[in-house]
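Novice: Quick one: the structure is below, and I'll ask about it shortly.
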Amino acid sequence: MLDAAGTTAALGWGVIGFGWVARDHAVPGLREAGARLVAVADPDPAARRAARAAGAQAHPDWDALLAAPEVEAVYVATPNHLHRAAVEAAAAAGKPVLCEKPMAGTLADAEAMGAAVRRARIPYGTAFDQRHHPAHGAIRDAVAAGAIGTVTAIRIAYACWLDPGWSADNWRADPTRAGGGALIDLAPHGLDLVHAITGEEVAVLHALTQRRVQPYAVDDGAMLLGRSTGGVLVQLHVAYNCPDGLPRRRLEVVGSTGAIVADRTMGQTPGGTVRRICGRLGLDAPLPVPDAPASPFARQMAAFARWLRRGGDAFDLERDLRLMRLMDAAVRAEPAPCR
Ligand SMILES: NC(=O)c1ccc[n+]([C@@H]2O[C@H](COP(=O)([O-])OP(=O)(O)OC[C@H]3O[C@@H](n4cnc5c(N)ncnc54)[C@H](O)[C@@H]3O)[C@@H](O)[C@H]2O)c1
64 MLDAAGTTAA
74 LGWGVIGFGW
84 VARDHAVPGL
94 REAGARLVAV
104 ADPDPAARRA
114 ARAAGAQAHP
124 DWDALLAAPE
134 VEAVYVATPN
144 HLHRAAVEAA
154 AAAGKPVLCE
164 KPMAGTLADA
174 EAMGAAVRRA
184 RIPYGTAFDQ
194 RHHPAHGAIR
204 DAVAAGAIGT
214 VTAIRIAYAC
224 WLDPGWSADN
234 WRADPTRAGG
244 GALIDLAPHG
254 LDLVHAITGE
264 EVAVLHALTQ
274 RRVQPYAVDD
284 GAMLLGRSTG
294 GVLVQLHVAY
304 NCPDGLPRRR
314 LEVVGSTGAI
324 VADRTMGQTP
334 GGTVRRICGR
344 LGLDAPLPVP
354 DAPASPFARQ
364 MAAFARWLRR
374 GGDAFDLERD
384 LRLMRLMDAA
394 VRAEPAPCR
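Dropping the structure here:
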């Protein structure tokens, strides 16, 4: 139980798409947050067997899940091209939705989702779990307290190795189902983190992509350059072509009196290290991260339950749509896109 006020205890979740992120991270997270897994919808019989083993009702499609009154909130974790239909169906059923990032594989799908959510007046959030990482919360608080002065730049490397056989059905390498490659998959986390840490959204964005190492038809790397509404410069390197042994999960927040460097905090699990570097002497010291063993997913599920009851800005459809428009415009404006 994460929430001292007990606000997460009773929330009953339905999960649409019971694959890697749902099984390994979201469902353990919602249980850690004190919520209940009620039902799962997934066409894959093995996923439904796993759902039953986890004590949930299991359906081959989402209609029965959405009809169940015990399902009080819906988590969507299908491949990207199915987010739209799942969210539209959940909205028509009047259920609050937490949908995995990217919001959708295309901007048109994301806009349609936004229209469905507004029409149905349901609460909607995109699952940017990393804004709920305990280390990133500590960085946000340190920045707000002036620990590094005026924030001037944020540099993020968030990369992995994703070869074509990464999974039995590697939809991430399929442009029609993923909507893109490393950029659309990994950059949303970093762009959202800029807002989580500084309170400023990225307002201008340029992107260069590459297809350099992996043999598939989506970008396997991208470099993005942006600027927040208040002038923070943002550099993101995302990739599917980075060997796992290299440093590839790093977040740097640079300020006028110091910097904060986080290693191995970007990702689905708690942990990693955070240091504050003094701008005058160059000395560094660990930045205390509250003793919070909870995973980013557990904290995200707890935050969503709290948000349903109390509101606030932890989740924001319009902010998520602005992020999708920004990425879409950056990809469309890329000079000589990679082929
Ligand atoms: N926040 C994060 O850190 C994070 C990490 C991984 C994945 N994701 C996102 O989560 C989503 C799922 O990714 P994944 O790695 O778990 O993929 P996955 O392929 O492991 O799982 C997807 C599941 O969806 C199911 N599915 C397919 N069609 C369906 C349908 N019509 N109805 C219901 N279920 C259906 C598949 O059978 C599969 O079980 C993607 O949008 C991805 O970008 C987010």
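Here the numbering used here is used: position 274 in the sequence shown is 337, and no number is missing along the way. Cβ atoms here follow ideal geometry from the backbone N, Cα and C, with glycine treated the same way. Values in this document were obtained by computation on a predicted structure and should not be read as measured data.
Kindly list the residues whose CB is nearer than 6 Å to the CB of Thr169, restricted to its own chain and excluding five residues on each side of it in sequence; keep chain order.
Specialist: Closer than 6 Å at the Cβ level, and outside the excluded window around Thr169, lie Gly242.
Novice: Please classify Gly334: is it buried, with 16 or more other beta-carbons within 10 angstroms of its beta-carbon, or exposed?
Specialist: Exposed, since its Cβ has fewer than 16 Cβ neighbours within 10 Å.
Novice: Just curious, the alpha helix (DSSP H) that Ile202 is in, first and last residue?
Specialist: Start and end: 197–207.
Novice: Name the one or two DSSP bridge partners that Asp175 has.
Specialist: Looking at the sequence provided, one finds Ala at residue 175 rather than Asp. DSSP lists no partner for Ala175.
Novice: In three-state terms, what does DSSP make of Arg115?
Specialist: Correct three-state label for Arg115: helix.
Novice: Within a Cβ cutoff of 7 Å, which residues of the same chain sit near Leu271, ignoring the five residues on either side of it in sequence?
Specialist: These residues qualify, in order along the chain: Ala285, Met286, Glu397.
Novice: Give the range of the beta strand (DSSP E) segment to which Gly321 is assigned.
Specialist: Note, Gly321: beta strand (DSSP E), 321–326.
Novice: Since Val160 and Val134 should fall inside the 8 Å C-beta cutoff, what is the C-beta to C-beta distance between them, to a whole number of angstroms?
Specialist: 11 Å between Cβ atoms; not a contact.
Novice: How is the alpha helix (DSSP H) around Met387 delimited, first residue to last?
Specialist: Run containing Met387: 380–395, per the alpha helix (DSSP H) assignment.
Novice: With a cut-off of 8 Å, do at least 3 Cβ pairs link the region 174–190 to the region 114–121?
Specialist: The answer is no - the region 114–121 does not touch the region 174–190, with fewer than three Cβ pairs under 8 Å.
Novice: Check whether chain D comes within 8 Å of Met364, counting only Cβ atoms and requiring the distance to be less than that.
Specialist: You won't find chain D in this structure, because it holds only one protein chain.
Novice: Compare the beta carbon distance of Ile202 and Val337 with 8 Å and say whether it is the shorter of the two.
Specialist: The answer is yes: Cβ separation under 8 Å.
Novice: Please list the terminal residues of the continuous beta strand (DSSP E) segment that includes Glu263.
Specialist: It is not in any beta strand (DSSP E) - Glu263 carries neither H nor E in the DSSP assignment.
Novice: Quick one: Cα of Ala259 to Cα of Phe378, how far?
Specialist: Spanning the two alpha carbons is a distance of roughly 11 Å.
Novice: Does the count of Cβ pairs from the region 290–310 and the region 242–253 closer than 8 Å reach three?
Specialist: Contact between the region 290–310 and the region 242–253 is present, because at least three Cβ pairs lie under 8 Å.
Novice: Measuring alpha carbon to alpha carbon, tell me which of Ala121, Val180, Ala280 ends up nearest Leu225.
Specialist: Residue Ala280 is the option with its Cα nearest to Leu225.
Novice: Compute every distance between the C-beta of Leu145 and the non-hydrogen atoms of ligand 1, then say whether any falls below 7 Å.
Specialist: Flag set: Cβ of Leu145 near ligand 1.
Novice: Under the criterion of a Cβ to heavy atom distance below 7 Å, does Ala245 qualify as lining ligand 1?
Specialist: No, the beta carbon of Ala245 sits no closer than 7 Å to any heavy atom of ligand 1.
Novice: Rank Pro197, Val265, Gly374, Ala119 by C-alpha distance to the C-alpha of Gly330 and give the top, closest one.
Specialist: Out of Pro197, Val265, Gly374, Ala119, Pro197 has the C-alpha closest to the C-alpha of Gly330.
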